[in-house]
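Beneath this line is the structure, given in structure tokens, with notes to follow.
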Amino acid sequence: MGRTADGRRVAVQCKRFAPGLSITSSDMQKFVGAAKVLHVSEVALFVATCAFTREALKVATAGGVTAVQRGMLEEWSTGKPLQILL
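Right, here's the structure in full:
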């Protein structure tokens, strides 16, 4: 848990999975529950070095979670802003 510059509560889940593995719907459902229900976050980021399944992305969208995949993570690490945090 943390806060954005404007004070919004942020929950972040980070996963570094082996090549060939993906974030599943079940993984995302658990995070949505923790981020939105337990921690009452206003911004939720699920950051992963691997892909997200189509079902996981649907759950993320429905639950208000930003799924940050490897390519987006690489851009973010070079200084490109992550829009959800602005």
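In terms of my numbering, the sequence shown is residues 926 to 1011.
Idealized CB from N, CA, C, for every residue including glycine.
Beta carbon of residue i nearer than 7 Å to that of residue j
i: SER1002; j: ALA981; result: no
Which of helix, strand or coil DSSP assigns to residue i
i: ARG941; result: coil
i: GLY1015; result: Since the first residue of the chain shown is 926 and the last is 1011, residue 1015 is not available in this structure.
i: ARG934; result: strand
i: THR986; result: helix
Residue range of the unbroken beta strand (DSSP E) whose run includes residue i
i: VAL993; result: 990 to 993
i: VAL972; result: 968 to 973
Alpha helix (DSSP H) segment containing residue i, residue limits
i: GLN954; result: 950 to 957
Residue(s) in a DSSP beta bridge with residue i
i: ALA976; result: SER947
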